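> From first to last, the protein sequence lines stand for chains A and B.
Mapping of the first sequence onto our numbering: position 50 corresponds to residue 50, and the numbering continues sequentially without gaps.
Quick note: to get our numbering, add 501 to the position in the second sequence (first position is 1).
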Amino acid sequence: MTGHRAVDQTAAHMAEAIREGRATSYEITEAHLDRIDAIDGTVKAFLHVDREGALATAREVDEAIARGEKLGPLAGVPIAVKDVVVTKGMPTTAASKILEGWIPPYDATIVERIKAAKMPILGKTNMDEFAMGSSTEYSAFGATLNPWDTGRIPGGSGGGSAAAVAAKMAPLAIGTDTGGSIRQPGAVTGTFGAKPTYGSNSRYGLIAFSSSLDTPGPVARNALDAALLHEVISGYDPRDSTAIDAPVPPVVAAAKAGATGDLSGLKLGVVKEFAEGADAAEAGVIAAYEAGVEQLVKLGAEIREVSCPSFSYALPTYYLIAPSEASSNLARYDGVRYGLRAGDDGKHSLEEVMSLTREAGFGPEVKRRIILGTYALSAGYVDAFYGKAQLVRTLIKQDFEKAFEQVDAIISPTTPFIAFKFGERTGDPYQMYLADLYTIPTNLYGGPGVSVPVGLSEGMPVGLQVMGPVMGDDITYRVAAALESTQDTLLADTAPEIEGN
Amino acid sequence: MSTISREEVAHLARLARLEVTDDELDAFAGQLDVILESMKTLAEVNTDGVQPTSHAVPLVNVFREDQPQPSLPRDAALAGGPDTYEDRFRVPRILDEEA
């Protein structure tokens, strides 16, 4: 659906047109809001739309440019924000009934930076409740539909952000990635998603799921747009005690360098264990991925097999660490300081009201993970489960470190299968967890990973993942942009048109 | 032999302050059993002499200047509460009557 509408342009082009006076931020922002009005009744990517606020920011940008002010590189380009990121004065629910109606009294650091960059915020996007899931089917407010096939899931947890960008309701969006929640939705919607190095992007104002893994990052339709947003939101924040006080890797320059299509001298690793047995991707995904690898070789990259034996244990390691941290983080939803309170009828004690509130406010996956985390941390089991997972996490980290002594980056399919149909994996949670098989190791290690569209399987998008060393985000953008340079049309521009209402 | 029983799930739910229903108990017990079964594979891994990783990027002694910053105004902090009374969060009684 490549076209000449305002919404068809890349964010980089929109920003340039606004700066040079060929377009106004107001008309670009309004075009996206109108598109949301026209098609989001079908896609259901947004939980909240802020037409007035977005247009007010757009007007400020246009006035500033008319006065001759110099603004940032994405000034005037609208953006959607995942509903797990707090926005002052704008409803924020993490797609949970327990936070329905809550209006945060402060902005997340990354939202402050988006506002300082003068980017109009279109609204908040749908997700799996508290970012736990791979399909948005666990949103308390209903699932988002995949713009490529509305009978299929848009990935998760950040399915709303990915679908909004895929359906051109937003040129850019914010996601958060704990086990793949930016990259897997990117892969299955034909969009670009980047999980930055843990600690290089502030978690202040992210509703906490698993604090040692949560990382906010950009969602876009190509590497350069994502890199521009990456540089807006990244960087040290004293309000996050795990923030790394170091310069942001030069991702914009890397995306531009990659776009020249030269990867000569670069060594890319493929993980032996990902190709074996039950861990292998489905045939159509492998075919699309391998065609992409061939392109990278043509651009000069050298492919080397690397062995990461502990990756086979990444899934159980993750599903002990993340729910353990979640069971502790979600203890704050007690019906006292914010959100829902249930059963407060004068007959129930505080403790009973807490239990009734949490029972009424949390959905099934959140409850499952709280119980799982409580189990993994309980006396008698903590050494065998949570403790053991922390040890295996070290081995996974060491596998990465050894691999990066031999190669510059590691590539893999982003997810083992294309977007599945609604209801296909909700009956057996373990089947849902498999969606993150290839993305989880990076989260446990802490390094960067991006998913770039590589092709189609059964008419549905497939993503190629590029993983880099800690603070080596630039290399992942360079490889991804090089792959894009081999594609005549961006995959994101070939999605079928959504029927509006 | 299952790893986790329905009774254990009920006990964990109580510890986590979740008033789960009978239907949920039935579903969760089976599902958690499948998940925990896969986690038992970690026992195969030799971790002798391995140090645990609690955070992706280890940082130690993170300090900042002790400069006072404006804090959230009281009304803003209270505004999200489900029930407030005289500038405080109102909570149900904490002790049972017979206690």
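Using N, Cα and C, we set each Cβ at its ideal position, and we do this for glycine too.
Note that this is a predicted model, so its numbers are computed, not measured.
(1) Over the uninterrupted alpha helix (DSSP H) stretch that includes F46 (chain A), give me the two end residues.
(2) Quick check on the burial criterion: 16 or more other C-beta atoms within 10 angstroms. Buried or exposed for A246 (chain A)?
(3) With DSSP as the reference, label L533 (chain B) as helix, strand or coil.
(4) With Q390 (chain A) and S555 (chain B) assumed to form a contact (beta carbons below 8 Å), what rounded beta-carbon distance in angstroms separates them?
(5) Considering only residues of the same chain and omitting the five flanking positions on each side of R591 (chain B), which have a CB-CB separation below 7 Å?
(6) Starting from M119 (chain A), trace the alpha helix (DSSP H) both ways and give me its first and last residue.
(7) With a threshold of 6 Å on Cβ separation, who are the neighbours of L33 (chain A) within its own chain once the five nearest residues in sequence on each side are excluded?
(8) So, is V297 (chain A) buried or exposed, given that buried needs 16 or more other C-beta atoms within 10 angstroms?
(9) Are the C-beta atoms of S241 (chain A) and some chain B residue less than 8 Å apart?
(10) Name the residues in the region 284-315 of chain A whose C-beta lies less than 8 Å from a C-beta of chain B; which are they?
(11) Let me make sure I understand the geometry here. Which of A:G159, A:E290, A:L268, A:S181 has the alpha-carbon closest to that of E305 (chain A)?
(12) Please compile the residues from chain B whose C-beta is within a distance smaller than 8 Å of the C-beta of K388 (chain A).
(13) Using the rule of at least 16 other Cβ atoms within 10 Å of the residue's Cβ for burial, across every protein chain shown, is G380 (chain A) buried or exposed?
(14) Sorted by chain position, which residues of the same chain lie with C-beta nearer than 6 Å to F385 (chain A)'s C-beta, five sequence neighbours on each side aside?
(15) How many angstroms separate the CA atom of A80 (chain A) from the CA atom of G160 (chain A)?
(16) Counting only beta-carbon atoms, is H230 (chain A) nearer than 8 Å to chain B?
(17) For chain C, find out if any of its Cβ atoms is closer than 8 Å to the Cβ of P553 (chain B); answer yes or no.
(18) What three-state label does DSSP hand Q295 (chain A) in the structure shown?
(19) Roughly how many angstroms separate the alpha carbons of Q532 (chain B) and D428 (chain A), rounded to a whole number?
(20) In chain order, what residues of the same chain have a beta carbon less than 8 Å from the beta carbon of T2 (chain A), not counting five sequence neighbours either side?
(21) Given that E508 (chain B) touches chain A, what residues does it touch there, using C-beta distances under 8 Å?
(22) I need the DSSP call for M460 (chain A), collapsed to helix, strand or coil.
(23) Expressed to the nearest angstrom, what Euclidean distance is found between the alpha-carbon atoms of A580 (chain B) and I182 (chain A)?
(24) By the three-class DSSP mapping on this structure, what secondary structure does L519 (chain B) have?
(25) Please report the straight-line C-alpha distance between F417 (chain A) and E282 (chain A), rounded to a whole angstrom.
(26) If you follow the beta strand (DSSP E) that D177 (chain A) is part of, which residue opens it and which one closes it?
(27) Could you list which residues in chain B have their beta carbon closer than 8 Å to that of I440 (chain A), in chain order?
(28) Going along chain B, which residues have a C-beta under 9 Å from R358 (chain A)?
(29) Report all residues from its chain with a CB closer than 6 Å to the CB of K118 (chain A); omit the five preceding and five following residues, and keep chain order.
(30) Does the Cβ of T522 (chain B) have 16 or more other Cβ atoms within 10 Å, making it buried, or fewer, making it exposed?
(31) Please report how far the alpha carbon of K347 (chain A) lies from the alpha carbon of A56 (chain A), in whole angstroms.
(32) Would G199 (chain A) pass as an interface residue toward chain B - the criterion being a Cβ-Cβ separation below 8 Å?
Walking through what the data contain:
(1) Segment 46-49 is the beta strand (DSSP E) holding F46 (chain A); no alpha helix (DSSP H) there.
(2) With a 10 Å radius around the Cβ and a threshold of 16 neighbouring Cβ atoms, A246 (chain A) comes out exposed.
(3) Three-state result, L533 (chain B): helix.
(4) Cβ-Cβ separation between Q390 (chain A) and S555 (chain B): approximately 6 Å, consistent with a contact (criterion under 8 Å).
(5) The residues are D584, T585.
(6) No residue range can be given for M119 (chain A), since it is assigned to no alpha helix (DSSP H) and is classified by DSSP as neither H nor E.
(7) Hits under 6 Å: R51.
(8) Exposed, by the Cβ-count rule.
(9) Interface flag for S241 (chain A) against chain B is set, since a Cβ pair is found closer than 8 Å.
(10) Flagged, chain order: S310, Y313, L315.
(11) Among A:G159, A:E290, A:L268, A:S181, the Cα nearest to that of E305 (chain A) is on A:L268.
(12) Residues of chain B whose Cβ lies closer than 8 Å to the Cβ of K388 (chain A) are, in chain order, L543, A544, V546, T548.
(13) Burial call: exposed.
(14) Taken in chain order, the residues that qualify are L320, A376.
(15) Their backbone Cα atoms lie some 9 Å apart in a straight line.
(16) Taking Cβ atoms only, chain B never reaches closer than 8 Å to H230 (chain A), which makes this a no.
(17) The structure shown contains no chain C; its protein chains are A and B.
(18) In the structure shown, Q295 (chain A) sits in a helix (DSSP, three-state: H, G or I).
(19) Answer to the nearest angstrom: the Cα atoms are 7 Å apart.
(20) With a pLDDT of only 47 at T2 (chain A), under 50, the local geometry of the prediction cannot be trusted, and the value read off the model is given with reservation. Listed in chain order, the non-local C-beta contacts of T2 (chain A) below 8 Å within the same chain comprise D8, T489, D493, T494, local neighbours out to five positions each way being set aside.
(21) Residues of chain A passing the Cβ test: none, with the nearest at roughly 13 Å.
(22) M460 (chain A) falls in the strand class under three-state DSSP.
(23) Rounded to whole angstroms, A580 (chain B) to I182 (chain A) spans 32 Å at the Cα level.
(24) Shown here, L519 (chain B) sits in coil according to DSSP, grouped into three states, outside any helix or strand.
(25) Roughly 6 Å separates the two Cα atoms.
(26) For D177 (chain A), the uninterrupted beta strand (DSSP E) segment begins and ends at 173-177.
(27) Neighbours of I440 (chain A) in chain B, taken as residues at a C-beta separation under 8 Å, are lacking, since the least C-beta distance is about 12 Å.
(28) Listed along chain B are A517, R518, L519, E520, each with a C-beta nearer than 9 Å to that of R358 (chain A).
(29) Setting aside the 5 residues that flank it on each side, K118 (chain A) is surrounded in the same chain by V61, L71, A75, each with a C-beta closer than 6 Å to its C-beta; the list follows chain order.
(30) Exposed is the call here.
(31) Their Cα atoms are separated by approximately 48 Å.
(32) With its beta carbon less than 8 Å from one in chain B, G199 (chain A) belongs to the interface.
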